[in-house]
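Heads up: the structure comes next, in structure tokens.
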DNA sequence: TTATCATCTGAGCAACTGTTCACATACAAA
DNA sequence: TTTGTATGTGAACAGTTGCTCAGATGATAA
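Protein chains in written order, with the numbering used here: chain A, 1 to 116; chain B, 1001 to 1116.
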């Protein structure tokens, strides 16, 4: 049985078909990519790691990160849209926290990898 | 004891200091960000998920993804540099595989999050 | 109301990213 | 060697990203 070498140069038709069948739907792939993208920036990572310890307000984070409060606000909006952080108002101050433990798990696994 | 409201607008000096002390070193933060960035693209995610099933060559992946072999090669180089994939030569064909199970773990945790 | 603080938002811009194209390289068979 | 196949690489381009700046919004106090 000859290996398929058609004009589109597919060497292993069966494996390609198998990969197609077990693939996640495009919408889920995109969501996954967006989720990882939210973790794929040093500033956002530092925000997430800081909030893993305890909740903080915007100007605390700005002082900690060494960037403008506007920049922090922009990043927090993105993290909010991805449901990674939530906030609570106390007077004029908004306190941000992580919404769940998934991010911490994620970072631990990633640390395992890069420290090898 | 008055709350510290100095010119740099730090509301909670102690929490900021605490975050600073427990922060990861910048080099590690950058590595983490690069690692997540490698997972933060739909094409690369699909490559990683496909290779999680079994090893595939470049033109298999190109056929599966519906993009040029050049594009696949570029993405594979990036994944190789991040030590996420490795290859093995068999004649003219290079077969790519995942280097370890960290990526699979990562994707599972991420899926848990986005499916909630 | 006015004034102030904390935060948010839109515009604009430099830097980065993912793709295609064209060509280069590496291996195998004749 | 020559030819063909599989993959790699650099240039170029559109699209995206993260920042700063200026101004807007919301809450509080006088």
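By construction, the Cβ of each residue, glycine as well, lies at the ideal position given by its N, Cα and C atoms. Keep in mind the model is a prediction, meaning the values are calculated, not measured.
Point to revise | Contacting residues, own chain, Cβ-Cβ under 8 angstroms from residue 140/A (five flanking each side not counted) | key: Coverage of chain A is limited to positions 1 through 116, which leaves residue 140/A absent and any answer about it impossible.
Check your understanding: By how many angstroms is the C-alpha of residue 1016/B removed from the C-alpha of residue 1116/B?
Key -> The alpha-carbon atoms of residue 1116/B and residue 1016/B are separated by roughly 32 angstroms.
Exercise for review: Label residue 1/A either buried or exposed according to how many other C-beta atoms from any shown protein chain fall within 10 Å of its C-beta, with 16 as the threshold for buried.
Suggested key: Its pLDDT being 29, under 50, residue 1/A is placed unreliably by the model, and nothing is read from it.
Point to revise | Pair within 8 angstroms by beta-carbon distance, residue 1069/B and residue 1062/B | key: Their beta carbons are under 8 angstroms apart, which means residue 1069/B touches residue 1062/B by this criterion.
Review point. Is residue 31/A buried or exposed, if buried means 16 or more other CB atoms sit within 10 Å of its CB?
Key: Buried, because 16 or more other Cβ atoms sit within 10 Å of the Cβ of residue 31/A.
Check your understanding: Is DSSP giving residue 90/A helix, strand or coil here?
Key -> Reduced to three states, the DSSP call for residue 90/A is strand.
Practice item. Please report how far the alpha carbon of residue 4/A lies from the alpha carbon of residue 1047/B, in whole angstroms. Key: Residue placement at residue 4/A is flagged as unreliable, the pLDDT there being 40, under the threshold of 50; the coordinate-derived value follows with that caveat. A straight-line Cα-Cα distance of about 22 angstroms links residue 4/A and residue 1047/B.
Check your understanding: Based on Cα-Cα distance, which residue from 96/A, 60/A and 112/A lies nearest to residue 1018/B?
Key -> That would be 60/A, whose Cα lies nearest to the Cα of residue 1018/B.
Check your understanding: Of all the CB atoms in chain A, is at least one closer than 8 angstroms to the CB of residue 1105/B?
Key -> For residue 1105/B, the answer is yes, since a Cβ of chain A falls inside 8 angstroms of its Cβ.
Review point. Cβ of residue 92/A less than 8 angstroms from any chain B Cβ?
Key: Chain B, which has no Cβ nearer than 8 angstroms to the Cβ of residue 92/A, makes this no.
**Study point:** Within-8 angstroms CB hit, residue 1135/B to chain A
**Key:** Any answer about residue 1135/B is impossible in this case: the structure gives chain B only from 1001 up to 1116.
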